[in-house]
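Numbering (the working numbering), first residue to last: 4 to 163.
Next comes the structure, spelled out in structure tokens:
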């Protein structure tokens with residue numbers, strides 16, 4: 004039986020993106036646990052969206068975007084910053100939601116150790132690269148199932 008969360012994520016990115024606001028993304032590492040509440044996201048509609056990595060079809064870099072939904076698509080931007088997307092849409096059809104910004108709700112000290120002592124709490128996960136850095140994410144997290152109960156997981160708010 005498919006979970007209601009996976010069914011939701013199986014919809015196209017433009018429908019899923021606004022519903023991800025307020026969701027929690029948690030990463031448990033040896034350094035500690037960091038949980039963020041998603042505050043800004045951006046939908047990419049795959050092969051019909053010129054701004055999407057999948058616009059020209061499947062490649063080794065973007066193949067994760069083609070499903071299944073609920074996986075994490077992590078890529079290097081400008082050769083220096085990791086960015087993360089939640090894969091959405093039907094399996095085989097590229098669709099993803101970029102995680103643009105979040106508020107750290109657990110593990111502020113761990114997030115700060117990754118981002119720098121001078122960064123204000125409200126700025127710890129402000130921006131796609133800052134968000135992945137605060138959570139300690141990199142290419143090793145690409146294709147992880149965020150709904151599989153592992154150390155990196157996406158959880159809807161209680162009201163969803």
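Where is the CB? At the ideal position from N, CA and C, for every residue including glycine.
Three-state secondary structure (DSSP) of residue i
i, result
"residue 49", "helix"
"residue 148", "strand"
"residue 40", "strand"
"residue 66", "helix"
"residue 138", "helix"
Residue range of the unbroken alpha helix (DSSP H) whose run includes residue i
i, result
"residue 100", "It is not in any alpha helix (DSSP H) - residue 100 instead sits in the beta strand (DSSP E) that spans 99–109."
"residue 9", "7–12"
"residue 27", "Run containing residue 27: none in the alpha helix (DSSP H); it sits in the beta strand (DSSP E), 27–32."
"residue 22", "16–23"
Residue i, buried or exposed, once every other Cβ within 10 Å from all chains shown has been counted against 16
i, result
"residue 156", "buried"
"residue 165", "Because the chain here runs from 4 to 163, residue 165 falls outside it and cannot be looked at."
"residue 120", "exposed"
"residue 64", "exposed"
"residue 111", "exposed"
"residue 128", "buried"
"residue 60", "exposed"
"residue 55", "buried"
Contacting residues, own chain, Cβ-Cβ under 7 Å from residue i (five flanking each side not counted)
i, result
"residue 24", "41, 42, 44"
"residue 163", "Its pLDDT being 46, under 50, residue 163 is placed unreliably by the model, and the measurement read from it follows with that caveat. None."
"residue 58", "50, 52"
"residue 15", "48, 91, 92, 98"
"residue 153", "147"
"residue 67", "74, 76, 90, 145, 146"
Residue i: first and last residue of the uninterrupted beta strand (DSSP E) it sits in
i, result
"residue 79", "75–80"
"residue 155", "155–158"
"residue 164", "The structure shown does not extend to residue 164, since the chain is modelled only from 4 through 163, so no value can be given for it."
Own chain partners of residue i with C-beta closer than 6 Å, once the 5 adjacent residues on each side are dropped
i, result
"residue 94", "70, 71"
Contacts around residue i, its chain only, beta-carbon distance under 8 Å, and the 5 residues preceding and following it disregarded
i, result
"residue 131", "80, 84, 86, 87, 101, 102, 103, 104"
Segment contact flag, the segment 140–152 with the segment 63–80, C-beta cutoff 8 Å, min 3 pairs:
yes
For the pair the segment 106–113 and the segment 79–92, tell me if three or more CB-CB distances fall below 8 Å.
The segment 106–113 is not in contact with the segment 79–92.
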